[in-house]
Amino acid sequence: MIWDRWIAAGFGSGLVPKAPGTWGSAAALAFVALLPEGWWIGVGLIVGFTLLGWWVTDRVCRREGLHDPGWIVIDEWAGIAVATLGVPHTPAALAAAFILFRLFDIAKPWPVGWLDRHVAGAWGVMLDDLAAGGMALGLVWLALGQGWLL
10 MIWDRWIAAG FGSGLVPKAP GTWGSAAALA FVALLPEGWW IGVGLIVGFT LLGWWVTDRV
70 CRREGLHDPG WIVIDEWAGI AVATLGVPHT PAALAAAFIL FRLFDIAKPW PVGWLDRHVA
130 GAWGVMLDDL AAGGMALGLV WLALGQGWLL
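Last residue of the sequence shown: 159 (the working numbering), numbering continuous.
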């Protein structure tokens, strides 16, 4: 496998035949959970996965004539990084971030769906997941602030 395909496939996590986006998101969540908590770590993950994801997605899609194939899940890695920014690494908080991210990524409410339909190329692949992650993060922070999550 070419190295950029492996990264675009979420370091291999998107190669699962059924529900690659969910498996890619789960792998990203496991990676985040293994890291120390911290804002700078989270910001670094968001910037790193977004820029790396855009680059490898652009390379792979141009070279192979693809448009957002299901096995490209590096965008899910970036979205999970957003959804977990500043979130405590407790099972409940991480599970909420994961479930809400997947809900918004699959259902594609505004602005997620708008970005998915109107932004072309690698940025289009990345931005809808970043928006889904942002929406999930907002609800997780709300739940944490209200004491609904520990």
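Cβ atoms here follow ideal geometry from the backbone N, Cα and C, with glycine treated the same way.
- Boundaries of the alpha helix (DSSP H) harbouring A140: 130–154, taken from the DSSP string.
- In the DSSP assignment, P100 falls within the alpha helix (DSSP H) that extends over 100–116.
- For T93, no alpha helix (DSSP H) run applies, since DSSP gives it neither H nor E.
- Rounded to whole angstroms, T93 and D137 show a C-alpha spacing of 16 Å.
- Sequence-distant partners of G88 (beyond 5 residues in either direction) whose C-beta falls short of 7 Å from its own C-beta, in its chain, are F110, D114, D138, L139, A141, G142.
- If only uninterrupted alpha helix (DSSP H) runs of at least 4 residues are considered, those enclosed by the region 22–96 are 29–43, 48–73, 83–92.
- Here A101 is near L159, since their CB atoms are less than 8 Å apart.
- Rounded to whole angstroms, G130 and W123 show a C-alpha spacing of 14 Å.
- When the alpha-carbon of W80 is set against those of L146, I11, V25, the nearest one is in V25.
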